[in-house]
Structure formats: C-alpha cells, structure tokens
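Numbering-wise (numbering that gives the first Met the number 0), the sequence shown opens with residue 0 and increments by one.
Ideal Cβ positions, reconstructed from N, Cα and C, are used throughout, including at glycine.
As the structure is a computational prediction, the values presented were derived from the model and not from experiment.
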Amino acid sequence: MKLFFQTALLLCLMAPAWAQRQMTVTGKITDKQSGRGLPYVSVALYSAADSTLINGVLADDQGDFRFEKLAVAGYYLEMQLMGYHNARMALPAFPDGTSTMALPPVAMLADERLLNAVDVKGNRESVESQIDRQVYRAGQFLGSQGGTAIDVLRNTASVTVNSEGDITLRGSTGFLVLVNGKPVQTEPSVILSQIPANSIEHIEVITSPSARYDPDGKSGIINITTKVAGRDSQSLVLNIQGGVPSIKTYHNLKAPQRFGADAAWGLKAGKWEVNVSGNYQRNDIAGRRTGDVNTTLGDIFTSFPSDGERSLKRYNYTTRASVTFTADPFHVLSAGLYKGYRFQSRRADLVYHNSKTNIETGANVGAITYFNSNVAQKSNDVTLGNLDYTHRFANQSELVLSGLIESAKLDGLTTNINLAEPDRDRTLQHSRNPSENPLNAYRVQGDYSVPIGKGKLETGYQYRNQVQKGIFQYLDQNPESGEFVLVPQFSSRTRVENHIHSVYGQYGGKAGKWAYSGGLRYEYATRRFEAAGTGPRKLELSNFFPSAQLQYQPGHGWSVKAGYTRRVQRSTTNELNPFPEREHSETLESGDPDILPEFIGQAEVGAAKEFEKGSAFLTAYHQRIKNVVNRVNSVYNDSIINRIYTNAGRAISWGMEAGSTVNLAKWWQLYAGANVYRYKIEGGLFRNTVDVNTSSLVYSINANTTFRLTHAWQVQWAINYLSKRVTAQGEDSRFVNPSLSVKKTFLKGKLAATLQWQSMDFGLLDANQQRITTWGKEFYTTTNYIQETDIFLINLSYNLNQLTKKAKLPASEFGDREF
C-alpha cells in the first residue's frame, strides 16, 4: 500500500510537466515510383480519438513538412496532391524523453487515370459539355491565335459575331462577362476585345447559371479563364503578330495597319502564385459603305443614297497581374489588377445625292450633292482591382470575402463635315460631338459553403454600387467667326446610379448517376436617372431569380440534363438618355428615361454523348423576354432618321444548338457547332402607337476541320455563318466569314508559326459584308457594310516552360491547397 501511494504521488507530480510536454513531428513525402520528394503536398493532421482536424500544412519544394507544438496524443495524417492517390498514415506513439519525432518517408502513388490524360493531350476535344455550360478550349482554334477573346468566341455554337462586331449569345447581345470568375461592368465587347486569345485557357458559355451568379445578362454568362503556371514552376509565353499589306484597300484614305505582341509570365512556388501578362494589338480594317435612305413627309419624298469609305482604325493594350498567397490550407489571400485601354476611330467619307420630289406632281423640287466626312472616335480606359480572402474550416466549410472595384473612362469625339461636291472647297456644315461617360463601380460580397449530406449548401450576400456620369455636347461651327457654339437641343448631362442588394441560397450535389442543383436569389435594386433640364426618374425593383439544374448519366458516355433560370438585362445610359445625340449626317440617337429592364425566363433540356472518337451535344431551349428593348427608327426631318431605344412588348424564342468533335482519323479532326432558333416579337413601339408582330427563323454555323499533316504541321479551315434575321422594324442580311490557318512548330514544340488567311473571298463569296435594312410608315433605310477581305497575318509564339516532371501533371487552381 505504501508503494502504491508513492507511485501515485510521483505520477501526480509528473502529470503537469507531461501535460505541458510539446512535440515536433517532421516527415517527407515522395513519389512512389521515383523516390524523389513531392513538392507542395497538402498534409492534414487529425486526432485519432474523434477525427477532429488539428492542423494542416503544405510540404515545401522538396516534399518536407513539419508540425510543431503538438500535445502528446494519438494522431493520423492525410496527404493529398492533384494527380496522386490520397495517402493516410497513423503516427506511432511518441517516444519518451524526446521532443522531436521524425517519421519514415510517405510514398504517394500517381493516379494513372490522370497520367493517361496527359498522354493524349494532343487529341483533346474542342468542347466539353457540363451540367450548366459548354467549355471550349481556346488552343484548339488556330485562327484565333494572335487575336482576342472575340476571335475565340466566333467558334462556339452559341455565339455569333456580325460585320459590325456585335456579339450575340443565343441571338441576344445581353450577357454577363466574367474574367476568371470575376464580373465586369464594362460593355462586354470592350472587355472581350482587350483579352488576348493567346492568354486564354478556355471559354465557358454558361447558359443555365445557378443562383450564386449575378442574374445580369438575359442570355447567360461568358467566363474567360486565363492560363496560369503549373505547380512548382515558372513559365514564359511570347507572341508577336504582323499582317501583310492589304490586297484590297477600297481606295481608303489610309492603308490599314495590323501588328501586335503579347507576353505572359507565371510563377507557382511554395506558398506563392504570381501571374503577369500584357499585350498590344493594332488591327485596322479597310472597307466601304453603300446605302439608301428615303423619307416621306406630307407630299415630299426625299431620297439621299450614299456611297464611300467606311474604315476602322483600332488598337488596344492591356496589363494583368494576380498574386495568391496560401499561408496554410485554411487561409488564402489573393489580389488581382487589370488595366486595359481601347481606341477605335471609324471613318465614313460618303458622297450623298439628296433629291426631293413632289408625290402629287412628280416634279423635282430640290437636289444637292455633297461630301460628308464623319469620323467617330471613342476610347475606353478600364481599371479593375479585386481582393479576396478564403478561410477553410475544420468541417470542410468555406467562407470567401471579396471586394471588386472598377473604373472605366469612356470618351468620344465625333467630327462631322459637309463639303460641296465635287470641288469640296466650300464648307456647308462643321460640327463636333465630344462626350465623356465615365463609370465607377464597386461590389462587396460574402459567400459561405458547407457540405451537407451528399451535397453542398451555398449562401451569400452581395452589394453593388454603380455610378455613371455623362457629358454629351453638340458643337456647331459658326461659318463667319469659325467658333464652335454649343447647341443645347442636342447636348446633355446625365447621371445614372444603380444600387443592388442581393442574397441567395443554393444546394447542389451528386447521388449515384444524378447531379442536381437548385437555388433562389432575391434582389432589391434601385435606379436613379438624372438629366440636366429634366426631373429625376426613379425605379425600384424587388425580384426573385430562381434556378434549377439536373443531370443524369446513365452510362456508356451518355448524359442528359435540364435547367431553368430567370435573368435580367439592365438599361444603359444610352438607352436612358432622352436627349438626341447626333451620330452622323443622317442619324440622331436617343433613349427613354422610363425604359424598363428586360426580364427573361429561360429553360433548356439537352443530351451529350462521349464516344471513342469524339463527343457530341444537343440542347433545346426556350426564352420568354418581358419588356424587350429595341433600337427603332422614326423620322426626325426630311433627311435625318431618329434612332430611339424603347420597350417593344415581349419576345419569345425557341431554339436548338448542337456541337460535335469527331476524330475521323489520327490526322483529321472535325468540329461543328450550330444554333437555330425562331424569334418572335409581339407588342408596340412608341407607347403602342406602332404595332409590332414579326418573327423569323435564324440559324448560325461555326465549324472547322483540322488536318495534322505531320507532328509539326497543322492546317485548319473554319467558317462562321449567320443567316438572315428579322428585327423590330426590318431585317439583317446573312453574314459569312471563312478562314484558313497553317501552323508549324519548331524546337520540340516551343516555337510555333501560324499563317492566317482571314475573311477568305477573292470576289466569290461576298464574305465579311452585311446589309442592314429598316422601314416604317414614313421611311426606308438600307445600308450595306462591306469590310476588307483576304487578310493575311503571321503569328509567332514562343513558349518557354521551366517545369519539373511533377509540374507536368494536370493541376487545378486549387490543387495545392484543397483537401
């Protein structure tokens, strides 16, 4: 008994010291096949008693890891690395009398399924079908190299680009653009034209977005994902492009210039990931325009056909940078910066033949021929910045706090000069239209996700603030003094404010062969529009935006899906401003301060099939659009048409899109995408004073075929075709644009040269031209825009990657920090 009490007393005295004893555990993770250390493996330490997550670290660039200040207890480790099977190891008992324990090396086995995916990289398909989107790999489209994101989008089944550069998704110009998942408020065509195609990894066309996405954009979302460096590596990609002199210049005032360069550098090492890129592109285009306009006012019929130059001078440059710091698997901080500048000058030097005829008598009551030089310059200087913080909890839930700020300086200057013809030595009219329309916006949001059952619950709150101030002036030159005098009738100052609060909840997951997602977003939005000389117009909106997606995979490469989403297309300053802006000699443009946003309900069903030599998908969709906004025409005076933005009732669209990639042989691949839909507008214009009831069948085809002649030689022929389609007051003609690309690689693939023949024509196809026609009770207008064809470009790309063998394995953005 005495010995028992002595032992108990000794244990009591030693217990505090034992309890305070802290241990350090070190170890190393290796590749099972080579025995070399694996860098940046995620290592999690769990309690053996209740599987509670105690701590987590990233192994260093040699595969070594370390845990400090551990209490003496039972533990086990779990290791994860993209491209490898997960590994688990139980820690042995802590040795007596020591404070450090060195574990034996942990060997991880490579996942052969992912290794095989790397081996067939050269035959990867151009498109992948997912539950809510189609994913297009930019590198598969040779004709877009050296261009911009717009050139990549031309190849997708859902997107069309017409002769004026207008981008439509499923027939609509309204869509939301994300860059690496971050939304931008700038006009989509502006931001897409500033992203070099060479920096794009893939483009996602999200046609059935879930509730966690902004509801903006009536036809869906386009997400641009840019390239990043592989794990434990740094990479450098350089591209230069130049164009040969034009084959046909259309007797334009200046010859077009085409050249550019871009570079991207990336580093991923340890806890840091850094990506920097920049580009400059000059891409002029020659062309001409022929048109005819006539009006009828009372007994006077006025006709003013025109013909002459319509060319474009355009250039842009951008810089991008992003930094991500992973302190440990639970704390990630990232920041990004985007700076882009775009300039475009559109020259229209036209000769007008203006004649007036009395309808009753047929007598000519007036005629004049004059030369009109109209140069419209516009620029956009965009700056974006974002800061994100991610915190991962022990229960595998995640909190993301993010902020984004955007500033866009939009300036414009239209110069309009009417000269006597043919001498052009007498000025009939000289006017200038300077404008400033800067945009400033920011957003803050918090998103929380947590695993529940076999799925994940996501919820969040977002606040958006957007302010846009506009100064639009019309200055007319006094012929006697030469001074430019402000014309108040065509000048205005505007201010638009949008405040948006939104909350959402969404749950999605997988169960066997089923994948599902459903959610609801609520939004309270206010819009305030002010214009000098008019009272403020206020609009308050309270709306729900439901969404649902369902996918079933029965096997044998098949998947079927269905989805529904409700969206909104908000109005721009141009659509709101009631003051007419003098666009050029024959056109004024104005908006409606009471215009309503469009609300869209979209449903779709589809199927996809992966087979041995390729894949295919087919999707049917239906859209119902309320408060359709159209740009329609009316007569301002006998020689000026007034373009007005107004609501035009409702529109209904039924459509079907399909796409397929087929490897016909090892050396021959075919990709084809098509979209066909029937679009119908019902309602009225100008507060129902003009009835609208029109419909048409529209289809587009984007296809290419690639021939791999040898390991180093590729040839790709592509075609983009858009059929004739109706508008609220007229129709647009068909548009066709074929191209041919030849690519040769050198230095084991590090250097590539691509010869591009864009807008193939040689006078046979009427390529790269489009006729736009409108008509009404008192007017008729038709204009054929003829743009340059047979453009030849040479693109050189040098790709220097300093990668370890492990860095060549496939990796995701979160591969080195995901558990």
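Sheet register partners of residue i (DSSP bridge)
{"i": "residue 699", "result": "674, 721"}
{"i": "residue 253", "result": "According to DSSP, residue 253 bridges with nothing at all."}
{"i": "residue 88", "result": "76"}
{"i": "residue 109", "result": "83"}
{"i": "residue 795", "result": "239, 752"}
{"i": "residue 770", "result": "783"}
{"i": "residue 439", "result": "406, 466"}
{"i": "residue 744", "result": "751"}
{"i": "residue 64", "result": "26"}
{"i": "residue 417", "result": "371, 428"}
{"i": "residue 313", "result": "343"}
{"i": "residue 270", "result": "The partner list for residue 270 (beta bridge, DSSP) is empty, contrary to what the question assumes."}
{"i": "residue 594", "result": "Answer by DSSP bridge pairing: none, since residue 594 is not bridged."}
{"i": "residue 563", "result": "547, 602"}
{"i": "residue 260", "result": "239, 279"}
{"i": "residue 221", "result": "176, 204"}
{"i": "residue 694", "result": "679"}
{"i": "residue 736", "result": "719"}
{"i": "residue 43", "result": "55, 77"}
Cβ neighbour criterion (16 or more within 10 Å) applied to residue i
{"i": "residue 9", "result": "With a pLDDT of 42 at residue 9, under the threshold of 50, the predicted position of this residue should be treated as unreliable, though the coordinate-derived value follows. Exposed, because fewer than 16 other Cβ atoms sit within 10 Å of the Cβ of residue 9."}
{"i": "residue 118", "result": "The predicted position of residue 118 is uncertain, since its pLDDT is 32 and thus under 50; no value can be drawn from it."}
{"i": "residue 261", "result": "buried"}
{"i": "residue 581", "result": "buried"}
{"i": "residue 478", "result": "exposed"}
{"i": "residue 556", "result": "exposed"}
{"i": "residue 284", "result": "buried"}
{"i": "residue 395", "result": "exposed"}
{"i": "residue 799", "result": "exposed"}
{"i": "residue 611", "result": "exposed"}
{"i": "residue 747", "result": "exposed"}
{"i": "residue 636", "result": "exposed"}
{"i": "residue 837", "result": "Residue numbering for the chain in the displayed model covers 0 to 818; residue 837 lies beyond these limits and cannot be assessed."}
{"i": "residue 140", "result": "buried"}
{"i": "residue 346", "result": "buried"}
{"i": "residue 487", "result": "exposed"}
Assigned secondary structure, residue i (DSSP; H/G/I helix, E/B strand, else coil)
{"i": "residue 179", "result": "coil"}
{"i": "residue 468", "result": "strand"}
{"i": "residue 749", "result": "coil"}
{"i": "residue 728", "result": "coil"}
{"i": "residue 151", "result": "helix"}
{"i": "residue 576", "result": "coil"}
{"i": "residue 104", "result": "coil"}
{"i": "residue 302", "result": "strand"}
{"i": "residue 662", "result": "strand"}
{"i": "residue 198", "result": "helix"}
{"i": "residue 173", "result": "coil"}
{"i": "residue 444", "result": "strand"}
{"i": "residue 138", "result": "helix"}
{"i": "residue 168", "result": "strand"}
{"i": "residue 191", "result": "helix"}
{"i": "residue 761", "result": "coil"}
{"i": "residue 554", "result": "strand"}
Residue-level contact to chain C via CB, residue i, 8 Å cutoff
{"i": "residue 292", "result": "Checking the listed chains, one finds no chain C in this structure; it contains a single protein chain."}
Pair within 8 Å by beta-carbon distance, residue i and residue j
{"i": "residue 701", "j": "residue 161", "result": "no"}
{"i": "residue 31", "j": "residue 108", "result": "yes"}
{"i": "residue 768", "j": "residue 790", "result": "no"}
{"i": "residue 206", "j": "residue 128", "result": "no"}
{"i": "residue 236", "j": "residue 197", "result": "yes"}
{"i": "residue 174", "j": "residue 138", "result": "no"}
{"i": "residue 571", "j": "residue 642", "result": "no"}
{"i": "residue 725", "j": "residue 694", "result": "yes"}
{"i": "residue 589", "j": "residue 622", "result": "no"}
{"i": "residue 639", "j": "residue 632", "result": "no"}
{"i": "residue 519", "j": "residue 545", "result": "yes"}
{"i": "residue 839", "j": "residue 62", "result": "This structure leaves residue 839 out entirely; the chain is present only between 0 and 818."}
{"i": "residue 76", "j": "residue 87", "result": "yes"}
{"i": "residue 751", "j": "residue 758", "result": "no"}
#### Entry: 3-residue-minimum beta strand (DSSP E) runs that sit fully inside the stretch 316 to 390, ordered along the chain
Counting only runs of at least 3 residues, the stretch 316 to 390 fully encloses the following beta strand (DSSP E) elements, listed from N- to C-terminal order: 330 to 357.
### Query
Whole beta strand (DSSP E) runs in the stretch 471 to 550 with 3 or more residues, listed along the chain?
474 to 476, 483 to 485, 491 to 510, 513 to 530, all fully within the stretch 471 to 550.
### Query
Curious, which full-length beta strand (DSSP E) runs of at least 3 residues does the stretch 613 to 657 contain?
If only uninterrupted beta strand (DSSP E) runs of at least 3 residues are considered, those enclosed by the stretch 613 to 657 are 613 to 625, 628 to 636, 639 to 646.
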